[in-house]
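Colleague: Each position in the sequence shown, counted from 1, maps to that position plus 420 in the working numbering. Glycine is no exception: its CB is placed at the ideal position from the N, C-alpha and C atoms.
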Amino acid sequence: MQQPLSATPDELLEVFSEMYPKELDRAVAELTIRKQVARIKQLEEQLADAVDETAHHGHTHNDD
Numbered sequence: 421m422q423q424p425l426s427a428t429p430d431e432l433l434e435v436f437s438e439m440y441p442k443e444l445d446r447a448v449a450e451l452t453i454r455k456q457v458a459r460i461k462q463l464e465e466q467l468a469d470a471v472d473e474t475a476h477h478g479h480t481h482n483d484d
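Pasting the structure below:
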């Protein structure tokens, strides 16, 4: 029987990065991009909601 793996994510990441440096770089890059894209979508939705609300009120307040 195999022992259950009891390593922290950081330890796993360290081992993985030594074994597969290029793959890890790519994975991290992809993950970062996905997070950014998700964040942008979130902000766009918030902005759309804000614009909708403003449109319903009939007038806007822009203090730039």
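Helix or strand or just coil, what does DSSP make of Ser437?
Modeller: Within the sequence shown, the letter at position 17 stands for residue 437. The answer is helix: DSSP assigns Ser437 an H, G or I state.
Colleague: Less than 9 angstroms between the beta carbons of Val435 and Ala427, yes or no?
Modeller: The sequence position of residue 435 within the sequence shown is 15, counting from 1. The sequence position of residue 427 within the sequence shown is 7, counting from 1. The answer is yes: Cβ separation under 9 angstroms.
Colleague: Measuring only the C-alpha atoms, how far is Asp430 from Glu473?
Modeller: Translated into the one-based positions of the sequence shown, residue 430 becomes position 10. Translated into the one-based positions of the sequence shown, residue 473 becomes position 53. Pairing Asp430 with Glu473, the inter-Cα distance amounts to about 44 angstroms.
Colleague: Give the secondary structure of Thr452 by DSSP, where H, G and I count as helix, E and B as strand, and everything else as coil.
Modeller: Along the sequence shown, read from residue 1 onward, the residue named residue 452 stands at position 32. Reduced to three states, the DSSP call for Thr452 is helix.
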